[in-house]
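K.L.:
Before we start, here is the structure in question, set down as structure tokens.
In my numbering, the protein residues as written are 7 to 125.
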């Protein structure tokens with residue numbers, strides 16, 4: 007099994023490749039009831055942008071470390087795309103949808119790492 011941190015790094019690179027915004031890595035390892043080890047959360051400006059970010063993640067991770075997601079959901083409307091990499095779940099949102107669900111607040115007792123946007 008690939009190291010989770012390496013997978014997270016490649017996911018982030020895939021997001022940055024398509025100028026995904028407001029990237030947050032949620033480290034859930036110290037929480038007993040966590041559904042996985044990490045969430046990687048980001049947002050795009052439109053349906054097209056969200057789709058491009060999620061597609062970039064999938065392609066980049068597959069090309070770089072030969073790993074495919076176990077499942078994906080949300081490509082139909084591109085408001086919120088979820089990608090399951092086992093112990094890592096990726097959430098690619100549109101801004102309004104992200105604000106509504108506010109996942110970071112739900113897991114605020116975890117370690118949150120906010121990354122600077124790439125211009």
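Each residue gets a CB set at the ideal place from its N, CA and C atoms; glycine is no exception.
Starting from the C-beta of residue 27, find all residues in its chain whose C-beta is less than 6 angstroms away, skip the five residues before and the five after it, and write them out in chain order.
P.N.:
Cβ neighbours of residue 27 beyond the five flanking positions: 49 and 123.
K.L.:
Give me whichever residues DSSP pairs with residue 86 in a beta bridge.
P.N.:
Residue 86 is bridged to 99.
K.L.:
If you follow the beta strand (DSSP E) that residue 79 is part of, which residue opens it and which one closes it?
P.N.:
Here the beta strand (DSSP E) through residue 79 covers 77-79.
K.L.:
Please report the Cβ distance between residue 18 and residue 121, rounded to the nearest whole angstrom; I am assuming they are in contact, meaning their Cβ atoms lie under 8 angstroms.
P.N.:
Contact flag correct, Cβ pair sits at about 7 angstroms.
K.L.:
Ends of the alpha helix (DSSP H) at residue 53?
P.N.:
Counting along the chain, the alpha helix (DSSP H) containing residue 53 begins and ends at 53-71.
K.L.:
Does the stretch 53-61 come into contact with the stretch 79-89, if we say contact requires no fewer than three beta-carbon pairs (one atom in each stretch) closer than 8 angstroms?
P.N.:
Short answer: they touch.
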